[in-house]
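Chains as they are written, first to last, in the working numbering: chain A, 1159 to 1423; chain B, 2 to 472.
Ideal Cβ placement from N, Cα and C applies to all residues, glycine included.
For clarity, every value in this text was computed on a predicted model and none was experimentally measured.
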Amino acid sequence: MDIIVLIKQVPETSDVKMDKDTGTMIREGVASVINPLDLYAIETGIMLKEQHGGCVTVCTMGPPAAAKALKEAIAMGCDEGVLITDKKFAGADTWATSYTLAAAIKQLGEFDLILAGERATDGDTGQVGPGIAAWLNVPLATYVSKIESLSADSIIIERLVEEGYQGLQLPLPALLTVVKEVSTPRLPTLRGKKKARAYTLRAMSASDLAVDEAKIGLKGSPTKVVKIGYPKVTRGGVVVKAAGEQGLSNAVDSLLEFLQEKKLV
Amino acid sequence: MRYNPVTSKIVEELKQIAGAKNVITDVERMEAYSHDETNKEEYGRMPEVVVTPNSTAEIAAIVKLANRELIPITPRGAGSGLSGGAIPVHGGILLSVEKMNKVLEIDYANMTISAQAGIVTNDINALIKDKGLFYAGYPMSLETCFLGGNIAENAGGGKAVKYGVTGRHVMGLELVTPQGDVVHLGGKLTKDVTGYDLKQLIVGSEGTLGIVTSATLKLTGLPTAKSNLLVLYKTPKDAIDTVPVVMAKGTIPTGIEFMDKLSVQTSCEYLNESLPYQQAGAMLLFEIDGTNQEQVDLEAELVGDLCMEKGAIEVYVADNYTTQERIWSVRRNIAEAFKVVSPVQSLEDIVVPIASIPDIIPELERLSAKYDIKIPCYGHAGDGNLHATLVKNPAHTMEYWREMLPQALRELYAATKALGGKISGEHGIGVKRKAYMLENMDPAELGLMKAIKQAWDPNQIMNPGKIFDMA
Chain A
1159 MDIIVLIKQV PETSDVKMDK DTGTMIREGV ASVINPLDLY AIETGIMLKE QHGGCVTVCT
1219 MGPPAAAKAL KEAIAMGCDE GVLITDKKFA GADTWATSYT LAAAIKQLGE FDLILAGERA
1279 TDGDTGQVGP GIAAWLNVPL ATYVSKIESL SADSIIIERL VEEGYQGLQL PLPALLTVVK
1339 EVSTPRLPTL RGKKKARAYT LRAMSASDLA VDEAKIGLKG SPTKVVKIGY PKVTRGGVVV
1399 KAAGEQGLSN AVDSLLEFLQ EKKLV
Chain B
2 MRYNPVTSKI VEELKQIAGA KNVITDVERM EAYSHDETNK EEYGRMPEVV VTPNSTAEIA
62 AIVKLANREL IPITPRGAGS GLSGGAIPVH GGILLSVEKM NKVLEIDYAN MTISAQAGIV
122 TNDINALIKD KGLFYAGYPM SLETCFLGGN IAENAGGGKA VKYGVTGRHV MGLELVTPQG
182 DVVHLGGKLT KDVTGYDLKQ LIVGSEGTLG IVTSATLKLT GLPTAKSNLL VLYKTPKDAI
242 DTVPVVMAKG TIPTGIEFMD KLSVQTSCEY LNESLPYQQA GAMLLFEIDG TNQEQVDLEA
302 ELVGDLCMEK GAIEVYVADN YTTQERIWSV RRNIAEAFKV VSPVQSLEDI VVPIASIPDI
362 IPELERLSAK YDIKIPCYGH AGDGNLHATL VKNPAHTMEY WREMLPQALR ELYAATKALG
422 GKISGEHGIG VKRKAYMLEN MDPAELGLMK AIKQAWDPNQ IMNPGKIFDM A
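So this is what it looks like as structure tokens:
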């Protein structure tokens, strides 16, 4: 079973500061971590390898510093790491990113399964996984919350949908984007860390990939950011005031009425 | 000591000093000031009036009034204390410093910050982080506790192995004495033998010698790199035995936290965390910090190797925010988790010389078996400070628990003392351990403490009923 796990390095979000003028996040001095949902993809990949054998290759597209994220994934138990890095890739939107990652995956050769987090905490689009599935022309399941079973040529999964779960069987190779119900990420061990430190990542640049340079990076991105604004908070709370016995009784009535109106009780 | 009640005339006078809106007599509002993090039913006591002054001058005037009228006065920070230090056990005036929360000065040239007693300790770090500095006092409740409370209890916490306890960082203090005088102790001096070191006497005096209104703190260069190790052991003894070995090798971790199986399990269940605790009888959590990540990683690896040599089952490495937050969260939530699972308990704070930690563990196991209660144990292994917690067995009656607890504690404290230890490392004596303080302290030493209290507070109005009784 050859599994590819796609990850992204994102800014750690416990203390995000925004630039009020540009509307963008201040990245300076902010630590980077593996996108939280990608940790579940990594764990799922490692678990499937432990159950079925094979190799887990973790890939990311990003600046050279993203090597740290790949090493963390290797310390957790992934076997190979590929860093897709080139200044030409910088500024890519989800379309250009999925195009580039798909090209890199083709370069890696045969695979059975691609796993990715459902979305990244920084861009929050959830588009790159599906984009890659389209470029590679493989079946896709998003919001995967459970792996039911895996055989040599198909996988049965459960995906989280608005009103419950949907079961799907997909022929392999396939691409899954996962949510956090799917697994519980393990912590990297000291042995894993040592292995990761000694491991040399495979690097891929634009010239290593069979890509059309007009389709990569900022230049190749059809998304144009015209303006960034702050949403207005439009929820106005309703305050029910109560004074005295009668007031309290009236207040309870009007609260009940409100809740019934909203179909909450 | 007989105290006078707070009359309506006194309330009026308090209103004139602090303003009517800063004087609370409403019972419902006062309830929040009647307890701290100790068991409310057991230790809680209502004040007669709560005052929330805005300045040192107001505090001085209130203390003068209390001293004149012989009314007990209890200073209070955030109320996150664990020994009942801020509980008004004799009623009287409860003085909360909650509105005194301003930063007075940041002196970059001297690397100090001066702030009022009511500032949330964590807010200090948020203010100076951008300048590459930090305040190294680190009580575990840092997101809620106040600086004033930290000083009163000489708070320790999870970074004391490397950085020391609160007292190490306090350079100067402004204090309102029990007579209502305002004195400034210490300053910004690294060296000072100009008379007795009264500043250090105040640190850890649990508000019995006056009210700290502001403090000047030493700041430290902010460590920019850190790594944590979560180490699993078969037995608590294996874990504890590692601590002196690591300390002797030259790497001084920022903290070494110990958690036994029961503590980890309870916290993990509370947090819905799935660490592989089932296979481990105990865990150690190491933190190593510095300014160079590669160096820190190397040191962490050396510590990890030592742990494996000492029989660790597994060493997990957390060198980024996600994983660090995950493992520290387990440690930080133990006390809270036990409150949910079993509210009737006695959270202890014994401290022994580091090398004696392995010897105290069998004693805990013996007590647990003898009294048929659970005694989860966690705490700051690198300081010899363990929060063994005696938890009531649900099968026992409250009567049995009340009768048994003092006996069990006496045995625990006797064992601690025999190892050269003391009954409280960082939570303080307060009201909770007052009886045991009397039993475990040399009478001559206690006599000196009482003589100091008598000299500072002849009317015994300042936080009476804490640490020891004068009569």
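(request) Could you please tell me which residues of the segment 313-326 of chain B, in chain order, have their CB closer than 7 Å to any CB of chain A? (result) Cβ proximity to chain A below 7 Å picks out Glu315, Val316, Tyr317, Val318, Ala319, Asn321, Tyr322, Thr323, Thr324 from the segment 313-326 of chain B.
(request) Figure out for me which residue from B:Asn334, B:Ser268, B:Glu302 has the closest Cα to the Cα of A:Ala1354. (result) Selected option, being the one with the closest Cα: B:Glu302.
(request) Over the uninterrupted beta strand (DSSP E) stretch that includes B:Asn229, give me the two end residues. (result) If you look at B:Asn229, you'll find it in the beta strand (DSSP E) that goes 226-234.
(message) Would you call the segment 79-94 of chain B in contact with the segment 420-437 of chain B, where contact means no fewer than 3 C-beta pairs closer than 8 Å?
(response) Yes: the two stretches touch, three or more of their Cβ pairs being nearer than 8 Å.
(request) State the beta-bridge partners of A:Leu1308 as determined by DSSP. (result) Under DSSP, A:Leu1308 forms a beta bridge with A:Ile1313.
(request) Pull out every residue of the segment 1187-1203 of chain A whose Cβ sits closer than 9 Å to any Cβ of chain B, in chain order. (result) Residues passing the 9 Å Cβ filter: Gly1187, Ala1189, Ser1190, Val1191, Ile1192, Pro1194, Leu1197.
(request) Note down, in chain order, each residue of its chain lying with its Cβ closer than 8 Å to the Cβ of A:Arg1344, except the 5 sequence neighbours on either side. (result) For A:Arg1344, same chain residues with a beta-carbon under 8 Å away, outside a window of 5 residues either side, are Glu1201, Ile1204, Met1234, Gly1235 in chain order.
(request) Have a look at B:Asn229 and B:Ile289 and give me their C-alpha separation to the nearest angstrom. (result) Cα to Cα, B:Asn229 sits roughly 6 Å from B:Ile289.
(request) Under 6 Å Cβ to Cβ from B:Asn55, same chain only, skipping five residues before and after it: list those, please. (result) The residues are Lys100.
(message) Are the CB atoms of B:Ile88 and B:Val244 within a distance shorter than 9 Å?
(response) Cβ distance not < 9 Å, so B:Val244 and B:Ile88 don't count as in contact.
(request) With 8 Å as the C-beta to C-beta threshold (strictly closer), list the residues of the segment 231-248 of chain B near chain A in chain order. (result) Hits within the stretch, in order: Leu231.
(message) Residues of chain A with CB closer than 8 Å to the CB of B:Ser206, please, in chain order.
(response) Result: empty, since nearest Cβ-Cβ is about 36 Å, beyond 8 Å.
(request) Could you work out which residues of chain B lie near A:Lys1245, taking near to mean beta carbons separated by less than 9 Å? (result) Listed along chain B, no residue sits closer than 9 Å to A:Lys1245 by beta-carbon distance, the nearest being about 25 Å off.
(message) Against chain E, which members of the segment 249-275 of chain B pass a CB distance test of less than 7 Å?
(response) No chain E is present in this structure, whose protein chains are A and B.
(message) Starting from A:Thr1335, trace the beta strand (DSSP E) in both directions and tell me its first and last residue.
(response) The continuous beta strand (DSSP E) containing A:Thr1335 extends over residues 1332-1336.
(request) Using a Cβ cut-off of 9 Å (strictly closer), state whether B:Glu302 contacts chain A. (result) Output row for B:Glu302: interface = yes.
(request) Mark B:Asn126 as exposed unless 16 or more other C-beta atoms lie within 10 angstroms of its C-beta, in which case mark it buried. (result) Flag for B:Asn126 reads buried.
(message) Is there a Cβ of chain B sitting closer than 9 Å to that of A:Glu1170, yes or no?
(response) True, the Cβ-Cβ gap to chain B drops below 9 Å.
(message) Taking only three categories from DSSP, how would you classify B:Ser548?
(response) Outside the shown range of chain B (2 to 472) lies residue 548 of chain B, about which nothing can therefore be said.
(message) Please state whether the Cβ-Cβ distance between B:Gly312 and B:Asp239 is less than 9 Å.
(response) Yes, the Cβ-Cβ distance between B:Gly312 and B:Asp239 is below 9 Å.
(request) Compute the distance between the beta-carbons of A:Ala1223 and A:Leu1359, then report whether it is under 9 Å. (result) No. Outside cutoff.
(request) Provide the residue(s) that pair with B:Lys423 in DSSP beta bridges, ordered along the chain. (result) B:Val352, per the DSSP bridge assignment.
(request) Rounded to whole angstroms, what's the CA-CA distance from B:Asp242 to B:Val50? Just pull it up for me. (result) So the alpha carbons of these two residues sit roughly 51 Å apart.
(request) Count the other C-beta atoms from every protein chain shown that fall within 10 angstroms of the C-beta of B:Thr398, then say buried if there are 16 or more, exposed otherwise. (result) Classification for B:Thr398: exposed.
(request) Kindly list, in the order they appear in chain B, the residues whose Cβ is closer than 7 Å to that of A:Thr1182. (result) What A:Thr1182 touches in chain B: nothing, since even the nearest Cβ is about 19 Å away.
(request) Could you check if B:Leu190 is buried or exposed, using at least 16 other CB atoms within 10 Å of its CB as the buried criterion? (result) Using a 10 angstroms sphere on the CB of B:Leu190, the tally of other CB atoms stays under 16, which defines it as exposed.
(request) Go ahead and pull the three-state DSSP assignment for A:Glu1170. (result) DSSP places A:Glu1170 in the coil class of the three-state scheme, outside both helix and strand.
(request) Under 7 Å between beta-carbons, which chain A residues line up against B:Gly305? List them in chain order, please. (result) Contacts between B:Gly305 and chain A, judged by CB atoms closer than 7 Å, involve Leu1348 in chain order.
(request) Would you mind sorting B:Tyr109 into buried or exposed? The rule is 16 or more other CB atoms within 10 Å of its CB. (result) Under this definition B:Tyr109 is an exposed residue.
(request) List the endpoints of the continuous beta strand (DSSP E) containing B:His428. (result) Taken as a continuous stretch (DSSP letters only), B:His428 belongs to no beta strand (DSSP E), as it is neither H nor E.
(request) Answer with yes or no whether the minimum CB distance from A:Thr1342 to chain B is below 9 Å. (result) So, interface residue.
(message) By the DSSP assignment, the alpha helix (DSSP H) with B:Ala338 in it spans what residues?
(response) That run of the alpha helix (DSSP H) goes 335-342.
(message) Distance cutoff 9 Å, beta carbons only. Does B:Met309 sit that close to anything in chain A?
(response) So, interface residue.
(request) Could you tell me whether the Cβ of B:Ile328 comes closer than 9 Å to any Cβ of chain A? (result) Chain A has a Cβ within less than 9 Å of the Cβ of B:Ile328.
(request) For B:Asp306, collect the residues of the same chain with a Cβ closer than 8 Å to its Cβ; drop the 5 residues on either side in sequence, then sort them by chain order. (result) Counting only Cβ-Cβ distances below 8 Å, and skipping sequence neighbours, we find nothing.
(message) Whole angstroms are fine: how far does the CA of B:Arg69 sit from the CA of B:Arg3?
(response) The straight-line gap from Cα to Cα measures roughly 13 Å.
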